[in-house]
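Beneath this line is the structure, given in structure tokens, with notes to follow.
Numbering (the working numbering), first residue to last: 1040 to 1319.
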């Protein structure tokens, strides 16, 4: 229907696929390397239909999944990739109804996954220091919600509060909230820990997303020198080994091998758990 998100898949050489994301509008046109396809030819079709462009190219049309949306939506800063986001969600062990603080809204990728994880009874507080990132994260979140509500019978929860503020200056905000988990995606997460740790429940997890291992060392050094009540449980990086299967003209119908394109390092994920210090 008009207003929904549609994902078009175009098969390319070497067994690769080009994915194109569009918001359906009656007068719009989807442009592809193999020709154009008017949106009016897509509207009214069931997901999973194969349509042809003006140049004869075949397109598979369907609704995008959340991980596909965050990879294709408009970006400002580099997003946290779905493979890392899912690992961080497991680190924090988030449940429906939880209250989670995020510092570093970015383009809104983590905000969307947190929104789904905590559900309609949960709450996400997303802090961002840059106005352009703050605006883009809100826009991407609202676009997904509005498209979801057109194409589904249930509503996507409106449970993310985007806040334009430096988290290091938000100590007053933290006094009135109890946090089940914290996720930090920022250059200097050690600046946020003194502010958020009083509101994080005992035993709660703070998951930190950092690009370089030197940043992880600086984080741990600050925790030790400032005697912050956090234990470092894990430092991991997530890699996916993609494989592909291709048809052959031989007695063996398919040949499978690792893909030339691999999803390797994108970030170091650090799991910090809040503990109660022993009384001296």
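By construction, the Cβ of each residue, glycine as well, lies at the ideal position given by its N, Cα and C atoms.
A quick note: this is a predicted structure, and the numbers were derived from the prediction, not measured.
The beta strand (DSSP E) spanning residue 1201 covers which residue range? Here residue 1201 corresponds to residue number 162 of the chain shown, with the count starting at 1. Residue 1201 -> beta strand (DSSP E) spans 1199-1203.
Segment limits, alpha helix (DSSP H) that includes residue 1185: Translated into the one-based positions of the chain shown, residue 1185 becomes position 146. Residue 1185 -> alpha helix (DSSP H) spans 1170-1190.
Of the residues 1098, 1198, 1126, the one placed nearest residue 1135, counting alpha carbons only: Counting from 1 along the chain shown, the entry for residue 1135 is found at position 96. That would be 1198, whose Cα lies nearest to the Cα of residue 1135.
Could you give the DSSP three-state label for residue 1230: helix, strand or coil? On the chain shown, residue 1230 is found 191 positions in, with the first residue counted as 1. Helix, per DSSP.
Could you say which of 1079, 1249, 1083, 1098 lies nearest to residue 1047 if we only look at CA atoms? As a first step, residue 1047 must be located in the chain shown, where it is residue number 8. Comparing Cα positions, the closest option is 1098.
Alpha carbon to alpha carbon, what distance is there between residue 1154 and residue 1208? One-based indexing of the chain shown puts residue 1208 at position 169. One-based indexing of the chain shown puts residue 1154 at position 115. Computed Cα separation, rounded: 24 Å.
Locate the beta strand (DSSP E) running through residue 1071, then write down its first and last residues. Taking the first residue of the chain shown as position 1, residue 1071 is located at position 32. Start and end: 1068-1071.
Is the beta carbon of residue 1170 closer than 8 Å to that of residue 1203? One-based indexing of the chain shown puts residue 1203 at position 164. One-based indexing of the chain shown puts residue 1170 at position 131. In this structure, residue 1170 lies closer than 8 Å to residue 1203 by Cβ.
Would you be able to state if there are at least three C-beta pairs under 8 Å between the stretch 1224-1237 and the stretch 1177-1190? no
Neighbourhood of residue 1156 by C-beta distance below 7 Å, restricted to the same chain and skipping five residues each side: Here the question's residue 1156 lines up with position 117 in the chain shown. Only 1128, 1133 meet the Cβ criterion.
Quick check on the DSSP output: the beta strand (DSSP E) that includes residue 1313 runs from which residue to which? By one-based count along the chain shown, residue 1313 stands at place 274. Its beta strand (DSSP E) spans residues 1307-1313.
How would you call residue 1303, buried or exposed, if buried means at least 16 neighbouring beta carbons within 10 angstroms? Here residue 1303 is taken as the residue at index 264 of the chain shown, counted from 1. That one is exposed.
With residue 1274 as the anchor, note down where its beta strand (DSSP E) starts and where it stops. Residue mapping note: residue 1274 aligns to position 235 of the chain shown, counting from 1. Counting along the chain, the beta strand (DSSP E) containing residue 1274 begins and ends at 1269-1275.
By how many angstroms is the C-alpha of residue 1215 removed from the C-alpha of residue 1112? Taking the chain shown and counting its residues from 1, the one referred to as residue 1112 is at position 73. Taking the chain shown and counting its residues from 1, the one referred to as residue 1215 is at position 176. C-alpha separation (whole angstroms): 34 Å.
Is there contact between the stretch 1279-1293 and the stretch 1308-1317, where contact requires at least three CB pairs shorter than 8 Å? no
Output yes or no for whether 8 Å exceeds the beta carbon distance between residue 1165 and residue 1176. As a first step, residue 1165 must be located in the chain shown, where it is residue number 126. As a first step, residue 1176 must be located in the chain shown, where it is residue number 137. Yes, the pair counts as a contact, with Cβ atoms nearer than the cut-off.
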